[in-house]
Amino acid sequence: MKKVMLKTTLSLAVAMASSQLFASGFALNEQSVSGMGTGFAGRSSSADDASTVYGNPAGMARLNGQQITGGVAAIDASTDISDTGGNSRGSNKGDMVPFTAVPFGFYTNKLNDQWAIGFGVYAPFGLVTDYENGFQGRGFGSKSEVKVMTFQPTVSYAFNDRVSIGFGPTINRISGVLESDRTLNPAVSDTNVKIKGDDTALGFNVGVLVQATDTTRVGLTYHSKVKYKLEGHTTVSGPTATQPFLRNNRYDASLKIDTPESYDLSVTQDLTDAWKLYGGATWTRWSRLKEITVNNEGVTAAGGLLAPGQLTSITEEQNWHDTWAYAVGTSYQLTKQVVLRTGLTFDQSPTNNTDRSPRIPTGDRTIFSVGLGYKVMDNMTVDLAYSYLKEEDIKVNQTADAPSTASYRAKYENSANGFGLGMTYTF
Numbered sequence: 002m003k004k005v006m007l008k009t010t011l012s013l014a015v016a017m018a019s020s021q022l023f024a025s026g027f028a029l030n031e032q033s034v035s036g037m038g039t040g041f042a043g044r045s046s047s048a049d050d051a052s053t054v055y056g057n058p059a060g061m062a063r064l065n066g067q068q069i070t071g072g073v074a075a076i077d078a079s080t081d082i083s084d085t086g087g088n089s090r091g092s093n094k095g096d097m098v099p100f101t102a103v104p105f106g107f108y109t110n111k112l113n114d115q116w117a118i119g120f121g122v123y124a125p126f127g128l129v130t131d132y133e134n135g136f137q138g139r140g141f142g143s144k145s146e147v148k149v150m151t152f153q154p155t156v157s158y159a160f161n162d163r164v165s166i167g168f169g170p171t172i173n174r175i176s177g178v179l180e181s182d183r184t185l186n187p188a189v190s191d192t193n194v195k196i197k198g199d200d201t202a203l204g205f206n207v208g209v210l211v212q213a214t215d216t217t218r219v220g221l222t223y224h225s226k227v228k229y230k231l232e233g234h235t236t237v238s239g240p241t242a243t244q245p246f247l248r249n250n251r252y253d254a255s256l257k258i259d260t261p262e263s264y265d266l267s268v269t270q271d272l273t274d275a276w277k278l279y280g281g282a283t284w285t286r287w288s289r290l291k292e293i294t295v296n297n298e299g300v301t302a303a304g305g306l307l308a309p310g311q312l313t314s315i316t317e318e319q320n321w322h323d324t325w326a327y328a329v330g331t332s333y334q335l336t337k338q339v340v341l342r343t344g345l346t347f348d349q350s351p352t353n354n355t356d357r358s359p360r361i362p363t364g365d366r367t368i369f370s371v372g373l374g375y376k377v378m379d380n381m382t383v384d385l386a387y388s389y390l391k392e393e394d395i396k397v398n399q400t401a402d403a404p405s406t407a408s409y410r411a412k413y414e415n416s417a418n419g420f421g422l423g424m425t426y427t428f
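In our numbering, the protein residues as written are 2 to 428.
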């Protein structure tokens, strides 16, 4: 018997259908409710609460005493699928993204005029997409679930009352599940391929914050790439799993994936004692994502039913490109207790018209946000935020490589509502 390697290019990272996310690709923005209210326009320059641990670790120098900021963002996405076609039969119900909640928590402690420490727990990437049974495009992705949780200890140093820097290593845990129905052997019907894996890897965030004038503050934050090697298994089930060319239906699997680095530059401008204006731009290096290969060890061809070369037939090219996101926002101190916020964000999609698949049916998006902060007492503030996301209509047009004969085309119209609730306590 000849031992071969089954290579299934199933993009664990790109399984993130970003119609449910408020950042490009499969990144999550939901680490701050106060920032959500302004469309994250001033994320690296505002330093309003302890969530600056993620937004810009240098901002901890601006916070007094000890602070705890925590909260949750909930995302309710909607997808309408139309103009469908292809040689597979099935339904196209859309709305494959379940209601999703993203929690976060941060702590900061200003030790003296120069040094501050803190830590954060948050989700920088993640989602779930789950199409109905019998989805017409199931050959190109039926279920995708990926979660990344990050723990970040952080330190900042203020050179003076105008310039500070901050740094935090990140400990990142990723886990994922991918499913699709593929034709591995033309002699039998569709076969379900399910891939599971997880890994822990290190990265870092670093930032600088400059009080350029008495009314202007500029921040720059760098979030590093993180290199993962997920270890898990691939399970093959259905008619093909009983055929003699496969000796078993469970194989050790591994996948290498890098989540991209990004730069976030923003400005906070005090217009009056009550009004603030925010502007920001974020560049993300999504061009790292060309293709991702899952290697399954121990697959053996036997019985003459399948040539070894056919085991490489499951492919999903991505060829993503780098993206820019731009945001403007404002806040108004209505009373001593109440601050109102609003923001507008324009966010590019990293996908292209050739390789876009049902796993990533996303286009450029526009996001409108509003928010409110209410000081319940001198040392406690509650923040609320709402965002509405609308994507440009996009098309998916996929044809599988031989021996599969699957093809699928459709028009996707994606939108989402985001809700945020947070609280900051100072002591």
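Glycine residues also receive a C-beta, built at the ideal position from the N, C-alpha and C atoms.
None of these values were measured; they are calculated from a predicted model.
Exposure label - residue i; buried when at least 16 CB within 10 Å
i, result
"Glu31", "buried"
"Thr367", "exposed"
"Val377", "exposed"
"Leu112", "exposed"
"Leu22", "The predicted position of Leu22 is uncertain, since its pLDDT is 46 and thus under 50; no value can be drawn from it."
"Arg63", "buried"
"Leu312", "Confidence in Leu312 is poor, its pLDDT being 38 and thus under 50, which makes the residue's placement unreliable; the coordinate value appears in the next sentence. Buried: at least 16 other Cβ atoms inside 10 Å."
"Met381", "exposed"
"Asn93", "buried"
Whether residue i touches residue j by CB criterion (8 Å)
i, j, result
"Thr427", "Gln68", "yes"
"Ala401", "Gly140", "yes"
"Tyr413", "Ile82", "yes"
"Ser35", "Gly374", "yes"
"Thr406", "Ser370", "no"
"Phe168", "Phe205", "yes"
"Ala417", "Ser79", "yes"
"Phe41", "Gly72", "no"
"Val103", "Phe126", "no"
"Val149", "Asn173", "yes"
"Asn57", "Leu231", "no"
"Arg44", "Ser267", "yes"
"Thr352", "Ala326", "no"
"Ile166", "Ala59", "yes"
Same chain only: Cβ atoms within 6 Å of residue i, ignoring 5 sequence neighbours per side
i, result
"Asp432", "In the structure as shown, the chain starts at 2 and stops at 428, and residue 432 therefore has no counterpart that could be examined."
"Phe107", "Ala51, Ser52, Val54, Thr70, Gly121"
"Gly364", "Ser350, Glu392, Glu393, Ile395"
"Tyr229", "Ile175, Asp200, Ala202, Ile258"
"Gln270", "Thr217, Leu278"
"Gly430", "No statement about residue 430 is possible, as the shown extent of the chain runs from 2 to 428 and does not include it."
"Val164", "Val211"
"Leu272", "Leu278"
"Lys195", "Glu180, Thr236"
Contacts around residue i, its chain only, beta-carbon distance under 7 Å, and the 5 residues preceding and following it disregarded
i, result
"Asp131", "Met97, Pro99, Lys144"
"Leu341", "Ser332, Tyr333, Leu335, Leu373"
"Gly86", "Arg410"
"His234", "Lys197, Arg251, Tyr252, Asp253, Ala254"
"Asn398", "Arg410"
Residue i versus residue j - alpha carbon distance
i, j, result
"Val329", "Asn65", "27 Å"
"Thr283", "Asp323", "11 Å"
"Val156", "Arg360", "38 Å"
"Gly119", "Pro154", "6 Å"
"Thr216", "Gly280", "14 Å"
"Ala124", "Gly423", "15 Å"
"Gly419", "Gly220", "26 Å"
"Leu256", "Lys291", "14 Å"
Cβ separation of residue i and residue j, assumed to be a contact under 8 Å, to the nearest whole Å
i, j, result
"Tyr252", "Glu180", "At roughly 15 Å, the Cβ-Cβ gap does not stay under 8 Å, so Tyr252 and Glu180 are not in contact."
"Thr101", "Leu128", "7 Å"
"Gly142", "Ser408", "That pair is no contact at about 14 Å."
Spatial neighbours of residue i in its chain, beta-carbon cut-off 8 Å, leaving aside the 5 residues before and after
i, result
"Ala262", "The sequence given here has Glu at residue 262, not Ala. Only Tyr223, His224, Ser225, Lys226, Thr285, Arg286 meet the Cβ criterion."
"Val339", "Leu373, Gly374, Tyr375, Lys376"
Any non-hydrogen atom of the ligand ADP closer than 7 Å to residue i Cβ
i, result
"Arg286", "Inclusion of the ligand ADP in the displayed structure is not the case, the ligand content being empty and no account of it being possible."
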